[in-house]
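181 is the number that this note's numbering gives to position 181 of the sequence shown; each next residue is one higher, with no gaps. Even glycine gets a Cβ: it sits at the ideal position worked out from N, Cα and C. As the structure is a prediction and not an experimental result, all values here were calculated from the model. Structure, as structure tokens:
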Amino acid sequence: AMKPGEPIILMGPTGQPTEIVKKETVLLAGGGLGNAVLFSIARAFKGLGGRVLYFAGYRRGEDLFKRDDIERWTDEIVWCTDGGSPIDPGRPQDRYFRGNVVQAMHAYGTGKLGGPPAIPLREVHRIIAIGSDGMMNAVREARHGVLAPLLDPKHLAIGSINSPMQCMMKEVCAQCLQKHKDPVTGKETLVFSCFNQDQDLDRVD
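Structure follows, in structure tokens:
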């Protein structure tokens, strides 16, 4: 309906970018379409001298995309699939696991994927999980369960809350409200996740 030369205004999210820290060892856990975002985060960490351990989860091996970009900006990858075709590692240091991301992390950390891990989980300073709510919640719970003996107790864990947004003007329509629960006091609060999608994984409901 528009005519050539007619001016338009585009509105979109204006939230905070992902925090990237220099020379940090980071674990990225991606589920499905979450992997479409994580390779650029990996590139940013590598650009600042960091080390990147990547757990890339897919329902099927056929769903893999952007493989070259993922490999280019990571030190080590553990490919994970629930079903379908397996993913053959393209580099000597990479591994493959049939199962979910949490199971793969445990197998990696306990040396069950063939030899000692190149980046021990205890050296990870930051975990960033992007995927379904079920996947991110599984990572959250595993950090205090089966993965706890393998991780640095002081690591930081972030979940990316990709909630719906209709107003495109930030903190107006309230479609992006996310409930938080303080892990110590149990106090509940609400935040606008459009302002910052990256949130403390232990506080996200």
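Beta bridge counterpart(s) of residue i as assigned by DSSP
i, result
"T81", "Y58, R98"
"L151", "Note: L151 sits in no beta bridge, so no partner."
"R51", "T25"
Chain-order list of residues whose beta-carbon lies under 7 Å from that of residue i (same chain, five-residue window excluded)
i, result
"E24", "F45, G50, H125, R126"
"I41", "T18, L28, I128"
Spatial neighbours of residue i in its chain, beta-carbon cut-off 6 Å, leaving aside the 5 residues before and after
i, result
"A29", "F55, V101, A129, V139"
"M136", "A129, G159"
"L121", "G109, L150, L151"
"L27", "L53, V124, I127"
Residue range of the unbroken beta strand (DSSP E) whose run includes residue i
i, result
"L27", "25-31"
"S160", "156-160"
"D227", "Limits of the chain in this structure are 1 at one end and 205 at the other, which puts residue 227 out of reach."
"V191", "188-192"
"K170", "It is not in any beta strand (DSSP E) - K170 carries neither H nor E in the DSSP assignment."
"L177", "177-181"
Classification of residue i by the beta-carbon crowding that lies within 10 angstroms, buried from 16 upward
i, result
"R95", "buried"
"F195", "exposed"
"M165", "buried"
"L190", "exposed"
"M168", "exposed"
"S193", "buried"
"R72", "exposed"
"G5", "exposed"
Residues near residue i in its chain [Cβ-Cβ closer than 8 Å; skip 5 each side]
i, result
"P89", "I77, W79, R95, Y96"
"G114", "R95"
"Q178", "I161, S163, L190, V191, F192, S193, Q199, V204, D205"
Residue range of the unbroken alpha helix (DSSP H) whose run includes residue i
i, result
"V139", "133-143"
"F45", "35-47"
"R126", "Looking at the DSSP string, R126 is not in any alpha helix (DSSP H); the run it does join, the beta strand (DSSP E), is 126-130."
"E71", "67-72"
Exercise. Three or more beta-carbon pairs under 8 Å between the stretch 68-84 and the stretch 146-156, yes or no?
Worked result: no
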